[in-house]
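Numbering (my numbering), first residue to last: 13 to 210.
Here a beta-carbon is modelled for each residue, glycine too, at the ideal position from N, C-alpha and C.
A quick note: this is a predicted structure, and the numbers were derived from the prediction, not measured.
Step one of this worksheet: look at the structure below.
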């Protein structure tokens, strides 16, 4: 199963950053993501795990803010792109090959777990969320960016919020659909952020 996922995402690696919100090549899009995420991150010094980091765009963005970042992904080809991206940006990110469904880190390792457009892809989201939450230190925060897309794939904000609340006491939902800057243009589906601080 993990090998199938690795092959799938390896096949998408070369074109992955063509999407404006993946590559963050447009300075307006990059600034929009920086403005969205920076206020949600824990204070320095802090350790953040970017679970399912893909080509590392958010990992690099968070590392540039001064946090210690570990990016985890199952795609070796995407991780290769991510490492080059970090080198070009002059930031240190520990990129680790592994399955986001079962991160290979001890419990209580991170001050924040960040994930964008990953949770929806798992069949047993409760189990995955339990593993992500276990990675957090006391007082750590969970930051999820998810969506329910016009293709029919994804996870609604209500579904995601309910899943988080089965593991945490708080799940603050913020709609992102109307902010064209995040996506490089208008979108017609549901996109949102959930932050859980406890």
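Rounded separation between residue i and residue j - CA only
i           : j           : result
residue 209 : residue 18  : 31 Å
residue 115 : residue 84  : 8 Å
residue 62  : residue 106 : 10 Å
residue 122 : residue 57  : 11 Å
residue 21  : residue 41  : 23 Å
residue 51  : residue 150 : 19 Å
residue 183 : residue 207 : 6 Å
residue 34  : residue 108 : 19 Å
residue 24  : residue 55  : 34 Å
Supposed close pair residue i, residue j - CB separation, criterion 8 Å
i           : j           : result
residue 154 : residue 180 : 7 Å
residue 204 : residue 186 : 6 Å
residue 127 : residue 156 : 5 Å
residue 98  : residue 72  : 5 Å
residue 86  : residue 112 : 7 Å
Same chain, Cβ closer than 7 Å to residue i, five either side skipped, listed in chain order
i           : result
residue 168 : 160, 202
residue 200 : 162
Same chain, Cβ closer than 8 Å to residue i, neighbours up to 5 away in sequence not counted
i           : result
residue 145 : 125, 154, 179, 180
residue 88  : 18, 22, 109
residue 32  : 38, 41, 195, 196, 197
Helix, strand or coil at residue i [DSSP, three-state]
i           : result
residue 167 : coil
residue 187 : strand
residue 108 : strand
residue 83  : strand
residue 122 : strand
residue 69  : helix
Proximity test, residue i beta-carbon vs the ligand FAD heavy atom, cut-off 7 Å
i           : result
residue 105 : Absence of the ligand FAD is noted for the structure shown, with no ligands found whatsoever.
Min CB distance residue i to chain C below 8 Å
i          : result
residue 16 : No chain C appears in this structure, which consists of one protein chain only.
From the options, residue whose alpha carbon lies closest to that of residue i
i           : options            : result
residue 175 : 188, 140, 94, 43   : 140
residue 118 : 165, 137, 143, 129 : 143
residue 60  : 81, 67, 46         : 81
residue 45  : 28, 95, 164, 76    : 76
residue 135 : 29, 165, 100       : 165
Neighbourhood of residue i by C-beta, 6 Å cutoff - its chain only, sequence neighbours within 5 removed
i           : result
residue 171 : none
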